[in-house]
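Below is one structure, written out as structure tokens, with a few remarks after it.
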Amino acid sequence: MCRPLLALLVCGALLSGSSVAVRAAPGPVVRGYAYGEHPRQTVTEYGTKGPALVILHGGYWAEDTDWSDWAGWFAERGFRVYDTDYRLNSDAPWDAQRVDALAALRWVADRNGGVRPLLLGSSAGGQIATVAGTYGAGASRVRGVVALSPVATPYRAWVDGARDGADRNQRRLRREAARLAGCDPDRDGRRCWDRWADMAARTHASGAEDAPMFLVHSAEDFVPAAHAHDLAFAQRVAGGTDTRLRVVPGAAHGAKLLDDDGVRRSVLRWLREHA
């Protein structure tokens, strides 16, 4: 939960309810905060000025992944970055993760004079980010969403993970999606189906009320671009016009997509255009 860059100093501040500033020379000033009472409801802030950018990490909804390097990278390019943790599927089933994301977005907006933040989510965090951008009036809380390899339709991951030839990542994604839902859609009835539908961003697509989105996958991603196509199609049907989908060569997933110079520049440009 606490990033290696911050070591014990910031973690101790989070546990005590206070904040502390450190500087990883020559990087940005870094501070840790809590936005709720659960130990995982924390944000790590990078930088002191610029448009607010909230990052939701991936990890199959089951583990933390380290975004400290990329958080610092975006901070050095003019953003005030909030690397955000949320309850995992071992802590609570859906919709606790959406509740946490919305609470973090409100906290960040309050800290920035009420200005809506940008949102970047990766993999499982991309699912949460796309739901945050479509649930209710998503545009009222988020200026724009970048999602890298978003698991935008978890039921699709459930199906793909059972196919012949599914790789270990897809099989694990199936298991963790079921743990997130807290039920088996093949045997647990209508209430379970309703939860799986609620986890899909396309269910909430409402067109003009949704945040603008930039969705990125690789052509051989173990979370296929079909997830983003599902969402983009639902947005078009609902009358939305500001959802962009990009598929790049290779098999990079999540944060690894940013290793590609073209992807990195296009994400940065999109964020600046929507800041």
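Residue numbering for the sequence shown follows the numbering used here, starting at 1042 and increasing by one per position. Think of the CB as a built atom: it goes at the ideal place given N, C-alpha and C, for glycine as much as any other residue. Since the structure is predicted, the reported quantities are computational estimates derived from the model, not experimental observations.
- In its chain, beyond the 5 residues on either side, 1219, 1233 have a beta carbon closer than 8 Å to the beta carbon of residue 1225.
- Straight across, the Cα-Cα distance linking residue 1172 with residue 1078 is about 23 Å.
- At a cut-off of 3 residues, the continuous stretches assigned as beta strand (DSSP E) that sit fully inside the stretch 1104-1192 are 1121-1125, 1159-1163, 1185-1189.
- Comparing C-alpha distances from residue 1210 to each of 1164, 1245, 1289 shows the shortest one belongs to 1164.
- Here the alpha carbons of residue 1167 and residue 1104 stand approximately 14 Å from one another.
- With respect to the C-alpha of residue 1260, the residue from 1216, 1228, 1290 having the closest C-alpha is 1290.
- Here residue 1183 is not near residue 1177, since their CB atoms are 7 Å or more apart.
- In the DSSP assignment, residue 1287 forms a beta bridge with 1257.
- When secondary structure is reduced to three states using DSSP, residue 1308 falls in the helix class.
- For residue 1093, the secondary structure class from DSSP, reduced to helix, strand or coil, is strand.
- The criterion of a C-beta distance shorter than 7 Å is not satisfied by residue 1096 and residue 1138.
- Judged by DSSP in its simplified three-state form, residue 1264 adopts coil rather than helix or strand.
- Counting C-beta pairs closer than 8 Å gives fewer than three between the stretch 1142-1156 and the stretch 1105-1118, which falls short of the contact rule.
- Judged by pairs of C-beta atoms under 8 Å, the stretch 1187-1200 touches the stretch 1261-1274, as three or more such pairs exist.
- The Cβ atoms of residue 1279 and residue 1248 lie closer than 7 Å to each other.
- Taking all protein chains in view, the Cβ of residue 1242 is crowded by 16 or more other Cβ atoms within 10 Å, so the residue is classified as buried.
- Assignment of residue 1072 by DSSP, reduced to helix, strand and coil, places it in the strand class.
- A distance of 7 Å or more separates the beta carbons of residue 1299 and residue 1306.
- Contact between the stretch 1153-1160 and the stretch 1083-1091 is absent: fewer than three C-beta pairs spanning the two stretches fall below 8 Å.
- Per DSSP, reduced to three states, the secondary structure at residue 1282 is coil, with no helix or strand assignment.
- Residue burial annotation: residue 1253 is buried, with at least 16 other C-beta atoms found within 10 angstroms of its C-beta.
- Cα atoms of residue 1185 and residue 1128: separation of roughly 23 Å, rounded to the nearest angstrom.
- Counting of Cβ neighbours within 10 angstroms places residue 1113 among the buried residues, the total reaching 16 or more.
- Residue 1196 sits in a helix when the DSSP states are folded into three classes.
- CA-to-CA, the gap between residue 1157 and residue 1213 works out to about 34 Å.
- Residue pairing by DSSP places residue 1086 opposite 1072, 1123 in a beta bridge.
- Taking every protein chain shown into account, the CB of residue 1080 has fewer than 16 other CB atoms within 10 angstroms, so this residue is exposed.
- Separation of residue 1074 and residue 1083 (C-alpha to C-alpha, rounded to the nearest whole angstrom) is 6 Å.
- Straight-line measurement puts the Cα of residue 1228 at about 17 Å from the Cα of residue 1217.
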